[in-house]
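Some notes on the structure that comes next.
In our numbering, the protein residues as written are 16 to 159.
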């Protein structure tokens, strides 16, 4: 009888790449401290596809563990005639990431845009909440 040789254990695990192309490193830094626990961009949340049907609505705070790209996918399938067409939305996101990669040459998953386009940030009256606040302030001022 011959002795069996044992194979060495693999220590390194391969990187999980989104769509098999882009890594999800820990390079993303979230500056807002209140959003750090809510946005899942770390390596432990990395997936190959943003379509894993995880139980993110089963428990109270499991939604925070949903990867950010899958959250984008889920938000896109809720509007209009794209309702419940997740595979089409995954294909659209893959194409958009590919276009970003071709234009910038960078990892589209790690690209962080610092542009805040919300009307609340600029103090404009395009927001319904700002209009109501201004209206209440005007009525209160006239009653003095």
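A virtual CB, placed ideally from N, CA and C, is assigned to each residue, including glycine.
Item                                                                                                                                                            : Value
Would you tell me roughly how many angstroms separate the C-alpha atoms of residue 89 and residue 113, rounded to the nearest one?                              : 19 angstroms
Is residue 84 near residue 65, with beta carbons less than 9 angstroms apart?                                                                                   : yes
Should residue 108 be labelled buried (16 or more other beta-carbon atoms within 10 Å of its own) or exposed?                                                   : buried
Roughly how many angstroms lie between the CA atoms of residue 158 and residue 47, to the nearest whole one?                                                    : 39 angstroms
In whole angstroms, what is the alpha-carbon distance linking residue 78 and residue 61?                                                                        : 15 angstroms
Kindly indicate the opening and closing residues of the alpha helix (DSSP H) around residue 153.                                                                : 143-157
Buried or exposed: where does residue 95 fall if 16 or more other Cβ atoms within 10 Å of its Cβ makes it buried?                                               : exposed
Return helix, strand or coil for residue 38, following the three-state DSSP convention.                                                                         : strand
In chain order, what residues of the same chain lie with their CB nearer than 7 angstroms to the CB of residue 18, ignoring the 5 residues before and after it? : none
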